[in-house]
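Asker: Numbering (the numbering used here), first residue to last: 19 to 247.
A virtual CB, placed ideally from N, CA and C, is assigned to each residue, including glycine.
Handing you this structure, nothing more for now.
This is the structure we're talking about:
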């Protein structure tokens, strides 16, 4: 049998064998590599949904009722939140942490708005180690008061505060359950200004962004935990 003139490691090759330059050494198969799972950034996670478990807990306790109290209105009901101690505690804790981070120890009082602001004002004040003052509908407070009128979606209303509730220069944060058109909070800021108090910020649990209430409060800063259109 004839052989070619090329040899591989001393072994003669058949004449019909392919040239050596076409021969490639066999490669060992690479071990399967585990694909690294990409973890979304904090910003991306928040864009996809609420990242804070406490905020999620609060959000799950807000329910919606269409066409209440009038057709076309979606009512945001906080009753389930008030029934659940863990959710209510989470809401107060989130508001308190925001205020501590923003204002430190500069706040003197929390002002709760009539009426559902009274559900959050005293608890928030206690969490911060502060006192709470009341801003009520006109005619509900004894003694000398100052009052202001404001426009609601369905008419006019009036708020008042006792003249001796605050001293000039004291710093206050206003709290309510919900911000809609901003009329109530704006009137509250006006009342506090008449007492020469400084309004550091207004806060609420829920904000209806389509009504642009925060624009009415400017230049007073505003913060909300949950936003709905």
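State the DSSP-derived secondary structure class of residue 134, mapped to helix, strand or coil.
Answerer: Residue 134 falls in the coil class under three-state DSSP.
Asker: Does residue 178 pass the burial test, meaning 16 or more other C-beta atoms within 10 Å, or should it be called exposed?
Answerer: Buried is the call here.
Asker: Pick out the complete beta strand (DSSP E) segments inside the stretch 202-227, 3 residues or longer, and give them in chain order.
Answerer: Correct list: 216-226.
Asker: Apply the 10 Å Cβ neighbour rule to residue 236 and answer buried if 16 or more other Cβ atoms are within range, or exposed otherwise.
Answerer: Under this definition residue 236 is an exposed residue.
Asker: Indicate the three-state DSSP secondary structure (helix, strand or coil) for residue 233 in the structure shown.
Answerer: If DSSP states are grouped into helix, strand and coil, residue 233 belongs with the helices.
Asker: Going straight from the alpha carbon of residue 90 to that of residue 185, what length do you get?
Answerer: Each residue's alpha carbon lies about 43 Å from the other.
Asker: Could you give the residue range of the beta strand (DSSP E) that holds residue 84?
Answerer: 81-84 is the span of the beta strand (DSSP E), which, as asked, contains residue 84.
Asker: Excluding sequence positions up to five away, which residues of its chain have a Cβ less than 6 Å from the Cβ of residue 121?
Answerer: Closer than 6 Å at the Cβ level, and outside the excluded window around residue 121, lie 218.
Asker: Taking only three categories from DSSP, how would you classify residue 166?
Answerer: Three-state DSSP puts residue 166 in a strand.
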